[in-house]
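**Student:**
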Amino acid sequence: MAEKQLDVRVASPIQDRRRFGSRGALFAGFGTLLTLMAIMSIDSLHTLQSFEAHNTQIRQDYLYREHTLEQVRTGVYESGDIMSDYTMIESDPHTLERLRTEIQSIRNETTALLKECIQSLPVDKRESFQHLAAELERYWSSVDPIFALRPTEKKVLGNSVQRSDVLSRYAEVLAITKTISAVNDDELRETDRRIAETFAQFRRRLLMFAVISIGFGLILATTTIVYAGRLEKRVKDKYEESLQAQRELKKLSKRLVEAEERERSAISRELHDEVGQSLTALLIDVENLTEMSSEEGAFRQGLQKIKMLAENCVNEVRNMALLLRPSMLDDLGLVAALDWQAREVSKRTGMLVDTVDENVSDNLPEEYKTCVYRIVQEALNNCSKHAYAKNVRVVVLQEPNHLRVSIEDDGKGFDTSRVRGLGLVGMNERVSQLGGLLKVESDPARGTHLRVDLPLPNASADSGELSS
Amino acid sequence: MKKLRILLADDHIVMRSGLRALLDRHPNLEVVGETENGRETVALAASLKPDVVVMDVGMPILNGIEATQTIVTQCPTIAVVILSMHADESYVMRALKAGARGYLLKDSAAADLIGAIQAISQGKSFFSPKVSRILAEDYVRVLKQKGAVDTYDLLTSREREILQLLAEGKANKEVATALNISPYTVETHRGHILQKLNLHNSAELVLYAVRKGIIS
């Protein structure tokens, strides 16, 4: 026994460590999985956000540049128109002055716009725009002399070199804007491509993360399931083991109770039937002898002595037999035995025991009779020994499928949650063997109330002969 | 005088032979049969029709009390005296309910058996003095413990007279003849007595009488 206990003690830390180890692994695994998933989501969110912002910026920049180019183009076109008006048609000085002002404002506007645009651009992208700005400036410079001409000189201008110079500059500027626009478009397409690439990269990363997470999760899940399964099996095994032990214990205790009852019964019968009857027969024989002998004196006195001795023996034997197992339980049934017990206890202890037996059949199965009898015996014993009760009320009630017993005393009671004497344990054992329930209520102010509910097998449910 | 025919029922052979020796010494008693279990006793009682059955309580197959019930139901003329080890009320009550007329303790059998057989063969009741004493003591003790009033005091002298005659085993008609009144009056008195004493049947009435020492 001691050796076995030692074994257990040695084995347990190892088991504990193993258990902690696997638990730690599980914690780490789940932690990693969760971290992985958190990183993945944060990264995705971040990428999407920056991508969105970047994309919007690029579109805005593109539109801004296009808009600037458009403005420049429009300005150049308008200046062409104004120039034609100025040189070919108009002669009114006021109108001419107005045209001059207009061209000046267009020049200022386009130059300012372009300048602004150039400043907004990164240094490496400025070149083409600077080229445009320079060309535009040359264009405006070539235009300026035309507006400085006097009306008379205008007509002469005709297809002069000056005019052709202006026209070529005009075409040059427009060409540059187109080129830049094309470059701009290309750049946008390039950006789109880059974005698509980034997206693809992002998708790959996401896929990789997902694959890793799922793979890791699968491994973790499998491990957990296996671990849980093993635990479950171990718990089940332990449970089965304890159930088995409980069953065996129950069987054992039942056998013990049965054996005790059987032994008592056998000894009681032996005492009562053999010893008691023989002594009684002896008494009768002595009586016969006494009657037959006519002589007085020593012989008769001797017989009288033998008779007294035998009588004492008979009483002793009878009391012993009854204490072991009352013969009325077998001869007269439960009710008579309970009534007898109540009277005996009353006589012995002075405690008033009142019995009420209702509908109790004389043909109850043996184990039910014994169970109820022993419970009442134990309870009455407790009432007089521990509770110092003055009154006890024993009620036995037979219903179609139940046998109910109630024992109520006015003694000093006890704390049912703490006190659990061997007597109560024994009672509970007897009751549970018959599938019944034992309830104990106790209160120092009101005494103890013990209730037993035994389910009856159907065969004995008929409440045969009624007893009062 | 005609001999009284007796059937001895006891599963214990030593006991039986002792009783037989006791009975054989009396010239007007004759043991006509011996049995050792309840069923055999019932069968033999039916075929032999003895005057008296001396019945042990604890017998195999069918116990003495149940055997008594069967015999008395089948042949009411047979008088049964119970032989028992127990001076307890439960046994006495059950024996009376079963229809036994006498209740004898085995340890006083030698002294009382002859008297008991003669009494019950004449239709009277008989109880061992020790039984009467124990029942009376129990009765007094319970009264004292409960602080109850002795219901016997509630009876009129006529009722007490009738109680005694009934308890001795007399029928209403015999009581009526003895007291020179009508059987109906006796029945009325009997009802009052049962009511006052909180009794329910003749067996309880006899038991009460034994307890009170009215009969023995």
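Listed in order, the protein sequences are those of chains Z and H.
5 is the number of the first residue of the first sequence in the working numbering; add one for each residue after it.
4 is the number of the first residue of the second sequence in the working numbering; add one for each residue after it.
Glycine included, every Cβ here is placed at the ideal spot set by N, Cα and C.
1) Going straight from the alpha carbon of R329/Z to that of T188/H, what length do you get?
2) In angstroms, rounded to a whole number, what distance separates the CA positions of V239/Z and A232/Z?
3) Just grab the DSSP bridge partners of I9/H for me.
4) Using a Cβ-Cβ cut-off of 8 Å, state whether G468/Z counts as contacting chain H.
5) Looking at the secondary structure, which residues open and close the alpha helix (DSSP H) in which H135/Z lies?
6) Taking C-alpha atoms, which residue in M58/H, E43/H, E190/H and N201/H lies nearest to A98/H?
7) Can you have a look at G102/H and say buried or exposed, based on whether 16 or more other CB atoms are within 10 angstroms of its CB?
8) If you drop the 5 nearest sequence neighbours on each side, which residues of the same chain put their C-beta closer than 6 Å to that of K389/Z?
9) If you follow the beta strand (DSSP E) that K443/Z is in, where does it begin and where does it stop?
10) Kindly list, in the order they appear in chain H, the residues whose Cβ is closer than 8 Å to that of N292/Z.
11) In terms of residue numbering, what span does the alpha helix (DSSP H) encompassing I288/Z cover?
12) Please report the residue range of the alpha helix (DSSP H) in which D343/Z lies.
13) Across which residues does DSSP place D358/Z in a beta bridge pair?
14) Under 9 Å between beta-carbons, which chain H residues line up against V318/Z? List them in chain order, please.
15) Scan the segment 270 to 290 of chain Z for residues whose Cβ lies nearer than 9 Å to a Cβ of chain H and list them as they occur along the chain.
16) When you compare only the Cα positions, how much space is there between A465/Z and D457/Z?
17) Give the straight-line distance between the Cα atoms of I137/H and L256/Z, rounded to the nearest whole angstrom.
18) Among E92/H, V60/H and Y211/H, which residue has its Cα nearest to the Cα of V220/H?
19) Let me see if you follow: with CB-CB separation under 8 Å, is N66/H close to chain Z or not?
20) Is it a yes or a no for the segment 272 to 280 of chain Z touching the segment 289 to 309 of chain Z, going by three-plus beta-carbon pairs under 8 Å?
21) Taking the alpha-carbon of N363/Z as reference, which of S48/Z, G280/Z and A340/Z has the nearest alpha-carbon?
22) Using a C-beta cutoff of 8 Å, does E39/H count as contacting chain Z?
23) In chain order, what residues of the same chain have a beta carbon less than 7 Å from the beta carbon of R142/Z, not counting five sequence neighbours either side?
24) Around the Cβ of Y142/H, are there at least 16 other Cβ atoms within 10 angstroms (buried) or fewer (exposed)?
25) Under a CB-based cut-off of 8 Å, is S464/Z close to chain H?
26) Quick check: the Cα distance between A6/Z and L253/Z, rounded to an integer number of angstroms?
27) So, for S128/H: in the same chain, excluding its five sequence neighbours on each side, which residues have a beta-carbon less than 7 Å away from its beta-carbon?
28) Enumerate in chain order the residues of its own chain whose CB-to-CB distance from H195/H is below 8 Å, with the five nearest sequence positions on each side excluded.
29) Answer yes or no: do R19/H and D13/H have a C-beta to C-beta separation smaller than 8 Å?
30) What does the alpha-carbon distance come out to for the pair Q437/Z and Q248/Z?
31) Rounded to whole angstroms, what's the CA-CA distance from T114/Z to S168/Z? Just pull it up for me.
32) For K416/Z, which residues in the same chain have their Cβ closer than 7 Å to its Cβ, ignoring the five residues on either side in sequence?
33) Is S365/Z a contact residue of the ligand PLP, with contact defined as CB to any heavy atom under 7 Å?
34) When burial is assigned at 16 or more other CB atoms within 10 Å of the CB, is S87/H buried or exposed?
35) Closer than 8 Å, CB to CB, is Y106/H near chain Z or not?
36) Would you report the Cα separation of E371/Z and D343/Z, rounded to the nearest angstrom?
**Tutor:** Here's the rundown:
1) Distance between R329/Z and T188/H, taken at the CA atoms: about 47 Å.
2) Spanning the two alpha carbons is a distance of roughly 10 Å.
3) The bridge partners DSSP lists for I9/H are V34/H and V55/H.
4) Residue placement at G468/Z cannot be trusted, given a pLDDT of 42 that sits under 50; what the coordinates show is reported in the next sentence. With 8 Å as the cut-off, G468/Z does not count as an interface residue toward chain H.
5) Run containing H135/Z: R130 to A152, per the alpha helix (DSSP H) assignment.
6) Nearest option by C-alpha distance: M58/H.
7) So G102/H counts as buried.
8) If we look at K389/Z and ignore the five residues flanking it on each side, it has no Cβ neighbours.
9) L441 to D447 is the span of the beta strand (DSSP E), which, as asked, contains K443/Z.
10) Per Cβ cutoff of 8 Å: G21, A24, L25, R28 and A113.
11) Run containing I288/Z: Q281 to M296, per the alpha helix (DSSP H) assignment.
12) Looking at the DSSP string, the run of the alpha helix (DSSP H) that includes D343/Z is L338 to T353.
13) According to DSSP, which records beta bridges pairwise, D358/Z is partnered with R397/Z.
14) Residues of chain H passing the Cβ test: M88, K109 and D110.
15) Across the segment 270 to 290 of chain Z, CB contacts with chain H closer than 9 Å involve R273, H276, D277, E278, G280, Q281, S282, L283, T284, A285, L286, L287, I288, D289 and V290, in sequence order along the chain.
16) The predicted model places A465/Z with a pLDDT of 44, which falls under 50 and marks its position as unreliable, so this point remains unresolved.
17) Between the alpha carbons of I137/H and L256/Z lies a distance of about 43 Å.
18) Residue 220/H lies beyond the residue range present for chain H, which begins at 4 and ends at 219; the question has no answer from this structure.
19) It does; some Cβ of chain Z falls within 8 Å.
20) At 8 Å Cβ cutoff, the stretches do not touch.
21) Residue nearest to N363/Z within the set S48/Z, G280/Z and A340/Z is A340/Z (criterion: CA-CA distance).
22) By this cut-off, E39/H is not an interface position.
23) Counting only Cβ-Cβ distances below 7 Å, and skipping sequence neighbours, we find R173.
24) Y142/H comes out buried.
25) Note that S464/Z scores a pLDDT of 46, beneath 50, so its modelled location is shaky and nothing firm can be said.
26) The predicted model places A6/Z with a pLDDT of 38, which falls under 50 and marks its position as unreliable, so this point remains unresolved.
27) Apart from sequence neighbours up to five positions away, the residues of its chain that approach S128/H with a beta-carbon distance below 7 Å are R104, G105, A170, E171, G172, V209 and I218, ordered along the chain.
28) Around H195/H: E162.
29) Cβ distance < 8 Å, so R19/H and D13/H count as in contact.
30) Cα-Cα distance, rounded: 16 Å.
31) Straight-line Cα distance between these residues: approximately 22 Å.
32) Same-chain partners within the cutoff: A391, Y392 and P448.
33) Within the structure as shown, the ligand PLP is missing, as the structure has no ligands at all.
34) So S87/H counts as buried.
35) Y106/H does not count as touching chain Z.
36) So the two alpha carbons sit approximately 19 Å from each other.
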